[in-house]
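Protein sequence lines correspond, in order, to chains A and B.
Residues in the first sequence are numbered from 15 upward in steps of one, following the numbering used here.
Residues in the second sequence are numbered from 15 upward in steps of one, following the numbering used here.
From the three backbone atoms N, C-alpha and C, an ideal C-beta is built for every residue, glycine too.
Predicted model only: the values in this text are computed from it and were never measured.
Reviewing the structure listed below.
2 protein chains.
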Amino acid sequence: MLGVQNILFWIVPATAIIALAFAWMFFKQMMKKSEGTPKMIAIAEHVRKGAMAYLKQQYKIVIIVFIVLTILFVLMAFVWNVQNTWVPFAFLTGGFFSGLAGFFGMKTATYASARTANAARDSLNKGLQVAFRSGAVMGLVVVGLALLDISAWYIVLNIFIDSGDKAHNMAIITTTMLTFGMGASTQALFARVGGGIFTKAADVGADLVGKIEAGIPEDDPRNPATIADNVGDNVGDVAGMGADLYESYAGSILATAALGAAAFMKPGETNMQVSAVFAPMIIGAVGTLLSIVGIFAVKTKENATQKTLLSALGRGTNLSSILIMILSFFILKALGIQNYVGVWMSIIVGLITGWAIGKETEYFTSAAYKPTRNIAKQTETGAATVIINGIGTGMLSTAFPVLTIVVGTILAYLASAGWDFANMSMGLYGIGIAAVGMLSTLGITLATDAYGPIADNAGGNAEMAGLGEEVRKRTDALDSLGNTTAATGKGFAIGSAALTALALLASYIEEIKIGLIRLGETTIHVEEKIIPTATATLSDFMTYYDVTLMNPKVLMGMFIGAMMAFVFCGLTMNAVGRAASAMVDEVRRQFREIKGILTGETEPDYARCVEISTKGAQREMLLPSLLAIITPIVVGLIFGVSGVMGLLTGVLSSGFVLAIFMANAGGSWDNAKKYIEAGAHGGKGSEAHKAAIVGDTVGDPFKDTSGPSLNILIKLMTMVAIVMAGLTAAGSLL
Amino acid sequence: MLGVQNILFWIVPATAIIALAFAWMFFKQMMKKSEGTPKMIAIAEHVRKGAMAYLKQQYKIVIIVFIVLTILFVLMAFVWNVQNTWVPFAFLTGGFFSGLAGFFGMKTATYASARTANAARDSLNKGLQVAFRSGAVMGLVVVGLALLDISAWYIVLNIFIDSGDKAHNMAIITTTMLTFGMGASTQALFARVGGGIFTKAADVGADLVGKIEAGIPEDDPRNPATIADNVGDNVGDVAGMGADLYESYAGSILATAALGAAAFMKPGETNMQVSAVFAPMIIGAVGTLLSIVGIFAVKTKENATQKTLLSALGRGTNLSSILIMILSFFILKALGIQNYVGVWMSIIVGLITGWAIGKETEYFTSAAYKPTRNIAKQTETGAATVIINGIGTGMLSTAFPVLTIVVGTILAYLASAGWDFANMSMGLYGIGIAAVGMLSTLGITLATDAYGPIADNAGGNAEMAGLGEEVRKRTDALDSLGNTTAATGKGFAIGSAALTALALLASYIEEIKIGLIRLGETTIHVEEKIIPTATATLSDFMTYYDVTLMNPKVLMGMFIGAMMAFVFCGLTMNAVGRAASAMVDEVRRQFREIKGILTGETEPDYARCVEISTKGAQREMLLPSLLAIITPIVVGLIFGVSGVMGLLTGVLSSGFVLAIFMANAGGSWDNAKKYIEAGAHGGKGSEAHKAAIVGDTVGDPFKDTSGPSLNILIKLMTMVAIVMAGLTAAGSLL
């Protein structure tokens, strides 16, 4: 039996290599295409340089944060003895690989945009091929690096960690690997927040002065902020999203592995434990292989329309999803996991949940449906009613994804638990593996997601290079296609974040347990019984620490958690506001001081605008990110384990709902504007259009800065709590 | 000892009578003043009629809901035997008195506005006297009716309820009285939601067409929606607030009484139990007497300026607060409550917490401070940045009130618990009594709060009657004074809501306990022990129902709770949007079809606009209110006790933060606009002003519809759970 497990395990590193090889191949293929006219090349060069310059600044700050945290972990591991010695290293690699995934993705995207525009000069289909294959580079790099990191660490830790007890070893290995999740989360938060601030400062600034004041179209080369805007798409939507989903993907696998290790700790279950730990990794790996199959299935005829393109993309993702549904059954069976039919159903539930949330997102944000049309209609009574209706609809829209997650979570729990609520360890494993299932085909879903900003940038390039109406129309078609697939992608991102965070709560208690043992507290008093710490169940710890809803420490933790979600969004919203204001001032200054910009005689100073966004993002990203790291530590020191559990569930429940609200409100404002630009309610240039632009502008930081950052905030706070558990276990003020 | 208790108890009904007598006296005094010119009288008549017409419609719907719920309670009490037989009656009186408080308050306000305007023709001070004394009518009616209802029910139930065991009797009496809290909450929610939708539909509609499109000033008689707007102030800010605070006040006293009864259930503690139950009532009563003293202290010289007026108001409230701080010590001592110094400290903590939240609200919403000035500055880059910055700042501002409540709650808990976290029953009693302390001087704080809309309406009357610049300036001064005191009032409302809801969680478990006993389940299994249900502690029930943060039912309940807060706001926001759109259409129609409105030759059709707001509110108030009532029942039936506890803590934590966000964002947009109207950033009519109006318009439903309704939503859902506990105790699906 162990033979099958080991053979299956080697699929993981092998798949990592294969995925990276295909990514490399797609990248090379893309690079062979022509970048088009000298003007197109020059513009792409501008954008590429700006993006790299920004990333360099971001990494500088991130490196400082990583150094400080690593020193803290070294102290915890080597001096205070409240954490194991592998933690600092795992943390660093998680951050490094996450950054790398974003970097490669962005590099590819900045090379691909002009090439996509150039290919779109030939046909829609050719444009799609370049953009989509470039998106696939990102998708495969993200999952490839994640699988590589996971399998490498497993191999290393498996060799070196030896506590004498096999089951205990596995628990230490998997919880140590979670630390690398914290590295990835930290990197991801900076990338999302920094990238989000950069891109929206540029976007908002460009729109406010360019579109509204000067009355020039989007991406017009006369707008000084237009290059910064295009740079923003790359650093925010590509690099930010890459780091984000790297973290989601790795996080869900690691959390499930840790739950699997925790579920089978009794003597004689060692074999089952190995299976439970391997299962999420292997499903991720096989899903990646199927993603590659799916990517090749995305093909259309030369005379493709937008509709056939969409169905081509759909064919690819559906193929991968259906195949993983079937294959995961056999994987689980081969691994011989207890109640493998139930666990398999949890995976199916995860996939369906992600898909359903995507559809719900689409319903609430696409102009093809009533909610967004209603928002568009409000433009007739001005900007205020557009905002009121957008906020109202966004808030309302949270009902469906939340209920979907509730049903999905309960089903995933019960299926794996054999329909017995008391079987908590298997139930939680079911929640974790549902998230893994949801993200198993990330290789291709991310490809369809990442290709959106590439198409967007291609449109920018086409506009600035003056390629003419027809090309722009094609890139717009590609872009709007991207919006639809992005809705599905967001569903997966947000749904998996909720499930993973739920699963991680159990890992937190696992780490507390390990922390207690390390501190020499080998028994705990539960009610009147004395229980060995090592064999205490989750329920025992709940009683021991009184993690019940009548404990004021739990309730106050929840208040602080809910507040953190709002404060974090407030900080990032204001950051965008401030950076955008600086951008507006600069664009106005250039129009005023540099003669001939508006007539097209002089080129505006693009670089200065890129610099302003970079500086703004750099200055503003630190506070919200540090808050996310510090809060769980402080709450732990003051309120102890029960307070931290309250904090984590508070930020999870509020943050999840807030994230959906912001993403959906932002998305529907965006599409309401596009709907009007397509001719409804007076079309471009009308008063209604102006009102719609206000909505879209407000929605920008909602959907691209604050909203998506919340997913990471939730998980980062959980990860910090997990890594710091040794400290919290040592004692607290109250 | 029992003698002292009984003597002190009779203060409660006596105070109720005294408060109502003073209210009657103030009302009579106000009615003696002249209503001014025939035009002023006519306008006041218009507003009064409109307000009464609306209230009639609202009560019609509320009566239907009450009939349905009463039938349900009758079934539960008399047929299914899962609730006691007093519940339907208590429920009805709670709703009736709450409605009455709103009705009297509004009646007074509609008589007072023209009289205030007329008095302001003489001097600022005379205007203040009329407006403030009329506000005092509302304040005293609210607390008087609440104390009357509470003491009457206590007397009645004390005679009739006899379970054979004295301590158990008291538990049944106090938990039955909570049902009357549910009646009050139900009435309050309809009043707040309906009134909020009415007033903001009219306000937004009037502003959008009148101010922005037609360019006529606020309250201009040529605007067809202007009467509706003034009616709205009365039905929303007066009647809605009256019902709201009646519910808060009664709710905090009832919750604390129930906690007091639960804290001393052991044989031999009966005497202490009576004291603990009486304490919140007596403190409320004495606070009311001190409020009357404070009301008389509000006097100024004839040549008063705005500043001296504010200090006059401050003198009144401070006097009452300081006196209650001192007297409550002696009350608690006389009652001989266990650890009375600690309990007294909890009261002080409550008062300070409320005051601090008020100050924080003021800082974040007053144009005297940086946050609102920053929002005002954003008007220079247009409406979008105003909205972004307002939302960002509103979200950020949640940090301080939340941390204040966290510190306050922990201190109030620990002080009463003798600094021992394990002493849960006394700790929770401390949280409850802190809320009682916070609201003890409601008589006067509500007077300073309710006088705001009266002054606002007086301004409207003055404008429409063409009384000239000087009078309008004085009413504006009174109005802006009201804004400052309203900030403090909101702090008390929101702070007490959070504390009361926390305290009510324990009452929920108490009711579950009573429900189990009624069902014949006299013992519960906790771990391996069998415990008599009657003597089981809160902790035992937490273990029995597994109300821990690892139970997926709890976590899913939290998700649904957090979602409910957002969905409820979404529904009310959209309701305002829709009703405002209808109003805009109507005003535009009148301008178009009725010739001579804008030249002032023809009077617009005011009544039609009132009708539209009424219809809009009537149609839209039902769904959100029913959702609040149905959700706890459904969650209870599906997920059981643990799910309901999750739901309640989820809606409490998210709703509390969301409410602060919405109130503060709305308040600062309002004041940013006023700041610009006072001349900053270009002043009235500038582009900046237009952007500020967009912010203010968006803020209207934030601060006057959705935000304040959330307080009630949180408590209503908790009350529903409590009243339905018998049903939930009987079993659930999962």
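Taking only beta-carbon positions, decide if residue i is within less than 8 Å of chain A.
i: T711(B); result: yes
i: E541(B); result: yes
i: N248(B); result: no
i: T407(B); result: yes
i: M738(B); result: no
i: M440(B); result: no
i: I226(B); result: yes
i: A397(B); result: yes
i: I424(B); result: yes
i: S667(B); result: yes
Going by the CB atoms, is the gap between residue j and residue i shorter than 8 Å?
i: P238(A); j: P715(A); result: no
i: S262(A); j: I338(A); result: no
i: G740(A); j: G529(A); result: yes
i: I707(A); j: K225(A); result: yes
i: V312(B); j: L324(B); result: no
i: G669(A); j: L724(A); result: yes
i: I611(B); j: R236(B); result: yes
i: G197(A); j: G109(A); result: yes
i: L513(B); j: A449(B); result: yes
i: M152(A); j: G254(A); result: no
Nearest chain B C-beta to residue i closer than 8 Å, yes or no?
i: M572(A); result: yes
i: P752(A); result: With chain A covering 15 to 748 only, the question about residue 752(A) has no answer from this structure.
i: N588(A); result: yes
i: M15(A); result: Its pLDDT being 43, under 50, M15(A) is placed unreliably by the model, and nothing is read from it.
i: S430(A); result: no
i: Q604(A); result: no
i: M184(A); result: no
i: L222(A); result: yes
i: A269(A); result: no
i: V416(A); result: yes
With a 10 Å radius around its C-beta and 16 neighbouring C-beta atoms as the bar for buried, classify residue i as buried or exposed.
i: I340(B); result: exposed
i: I57(A); result: buried
i: P722(B); result: buried
i: G386(B); result: In the sequence under discussion, the amino acid at residue 386(B) is Thr, which differs from the Gly named in the question. Buried.
i: G650(A); result: buried
i: E374(A); result: buried
i: H695(A); result: buried
i: E477(B); result: buried
i: I690(B); result: buried
Which full runs of the beta strand (DSSP E) of 3+ residues lie inside the region 247-294 of chain A, going along the chain? List check, beta strand (DSSP E) in window: nothing returned.
Quick check on the DSSP output: what are the complete beta strand (DSSP E) runs of length 3 or more inside the region 506-541 of chain A, in order along the chain? Entirely contained in the region 506-541 of chain A, the beta strand (DSSP E) runs reaching 3 residues are, in chain order, 537-540.
Mind pulling the beta strand (DSSP E) runs of 3 or more residues that sit fully within the region 191-248 of chain B? For the region 191-248 of chain B, not a single whole beta strand (DSSP E) run of length 3 or above is found.
Short-range partners of chain B found in the region 502-534 of chain A, where Cβ spacing is below 9 Å: If the cut-off is 9 Å between Cβ atoms, the region 502-534 of chain A has A512, L516, L519, A520 and I523 near chain B.
What runs of the beta strand (DSSP E), each 3 residues or longer, lie entirely inside the region 102-165 of chain A? No beta strand (DSSP E) of 3 residues or more sits fully in the region 102-165 of chain A.
Scan the region 622-646 of chain A for residues whose Cβ lies nearer than 9 Å to a Cβ of chain B and list them as they occur along the chain. For the region 622-646 of chain A, the set of positions with a beta-carbon nearer than 9 Å to some beta-carbon of chain B is empty.
If contact means a Cβ-Cβ distance below 7 Å, which residues of the region 69-86 of chain B contact chain A? So nothing in the stretch comes that close.
Listed in chain order, which residues of the region 591-603 of chain A have Cβ atoms closer than 7 Å to some Cβ of chain B? Close to chain B, meaning a Cβ-Cβ distance shorter than 7 Å, are the following residues of the region 591-603 of chain A: G591, A594, S595 and V598.
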